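>
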Amino acid sequence: MKADAYLSVEHRAGRDVVCELRSAAPLTLLPVRGATGPAVVHLVSSAAHPLGGDEVTLTVSVGPGAALRLAGVAATVALPGPHGTPSSAAVRLEVAAGGSVAYLPEPTVVTARARHTASLRADLAADACLHSREVLVLGRAGERPGVLTTATTVVRGGVPVLRQRLTVGDPDLDASVAYLAGKRVLATDLRVGGDPCPPASGEWWSRTPLAAGGTLTTALADDAVTAQRRL
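FYI, the numbering for the sequence shown is 29 to 259, going by my numbering.
1. Taking the straight line between their C-alpha atoms, what separation do you get for residue 103 and residue 142?
2. Quick one: Cα of residue 88 to Cα of residue 157, how far?
3. Using only alpha-carbon positions, find the residue among 121, 201 and 154 that is nearest to residue 186.
4. Could you check what DSSP says for residue 255 in three-state terms: helix, strand or coil?
5. Determine the DSSP secondary structure at residue 250, reduced to helix, strand or coil.
6. Give the straight-line distance between the Cα atoms of residue 237 and residue 227, rounded to the nearest whole angstrom.
7. Going by the beta-carbon positions, is the gap between residue 134 and residue 216 smaller than 7 Å?
8. For residue 214 and residue 122, I'd like the C-alpha separation in whole angstroms.
9. Just to confirm my understanding: we take residue 59, look at its own chain, exclude 5 residues before and 5 after, and list those with CB closer than 6 Å. What are they?
10. In angstroms, rounded to a whole number, what distance separates the CA positions of residue 174 and residue 139?
11. Quick check for students: name the residue ranges of the beta strand (DSSP E) that lie wholly in the segment 145-230, counting only runs of 3 or more.
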């Protein structure tokens with residue numbers, strides 16, 4: 029299945045409004061009517077996805093001074109296809125001057141034999157803000173995960189802020205203390221713009237300032253609830 033979805037938000041008459049919304053199964057976008065503050069749109073899977081062979085793209089445009097909260101409502105479960113074909117999901121965020129976006133999907137679960145690639149690219153104006161969260165769950169209870177590759181690229185005012193690529197699903201690598209240390213859940217929280225946060229760390233989590241601005245917090249845990257609490 030191939031699908032392209034699109035969402036645009038603008039600031040008009042003192043309100044952040046959804047100007048264009050185009051869903052494409054299996055990705056459905058549902059705006060929350062009457063929301064105060066930022067425009068709120070929920071990500072809903074209208075069919076099981078991603079299955080092997082699926083290619084899904086979501087493009088989001090946030091206009092000058094507008095704010096958007098784009099949140100998931102249920103976990104994404106990456107499943108294998110009948111012929112071993114990989115699946116992919118790409119999210120592209122474009123945020124104009126003074127705009128902000130919070131991209132907060134629910135966890136992604138990588139099931140046995142799945143082969144999935146997930147990418148996020150954010151192009152931000154020099155004074156735009158981004159908050160994104162990613163939670164990766166390696167397999168369902170008692171199963172080895174398939175292979176998942178994630179790629180994150182953030183550019184602000186033409187300056188690269190973050191370029192990160194991660195592949196999970198190799199048993200030896202995942203068990204390494206230098207990688208995932210055998211933990212089943214990896215969670216990251218990225219914030220670009222707003223008040224800076226100092227570096228900090230604790231048991232199985234750390235917060236690192238980025239050279240071009242922003243902070244990246246990473247947490248490892250045996251379950252998603254604990255990982256998100258550590259963020």
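Positions of the beta carbon are idealized from the N, C-alpha and C atoms, including for glycine. Since the model is a prediction, treat every value here as computed from it, not as a measurement.
The short version:
1. Within the sequence shown, residue 103 is the residue found at index 75, counting from 1. Within the sequence shown, residue 142 is the residue found at index 114, counting from 1. Residue 103 and residue 142: Cα-Cα distance of roughly 15 Å.
2. As a position in the sequence shown, residue 88 is number 60, starting the count at 1. As a position in the sequence shown, residue 157 is number 129, starting the count at 1. Spanning the two alpha carbons is a distance of roughly 14 Å.
3. Residue mapping note: residue 186 aligns to position 158 of the sequence shown, counting from 1. Out of 121, 201 and 154, 154 has the C-alpha closest to the C-alpha of residue 186.
4. Indexing the sequence shown from 1 puts residue 255 at position 227. Residue 255: helix per DSSP, three-state reduction.
5. The residue given as residue 250 occupies position 222 in the sequence shown. If DSSP states are grouped into helix, strand and coil, residue 250 belongs with coil.
6. Walking along the sequence shown from the start, residue 237 turns up at place 209. Walking along the sequence shown from the start, residue 227 turns up at place 199. C-alpha separation (whole angstroms): 6 Å.
7. Mapped onto the sequence shown, residue 134 falls at position 106. Mapped onto the sequence shown, residue 216 falls at position 188. No; because the gap between Cβ atoms is not below 7 Å, this pair is not in contact.
8. As a working note, residue 214 is residue 186 in the sequence shown. As a working note, residue 122 is residue 94 in the sequence shown. C-alpha separation (whole angstroms): 26 Å.
9. On the sequence shown, residue 59 is found 31 positions in, with the first residue counted as 1. So the list reads 46 and 69, once near-sequence residues are dropped.
10. In the sequence shown, residue 174 corresponds to position 146, counting from 1. In the sequence shown, residue 139 corresponds to position 111, counting from 1. Each residue's alpha carbon lies about 6 Å from the other.
11. 157-166, 175-184, 187-196, 213-220 and 228-230
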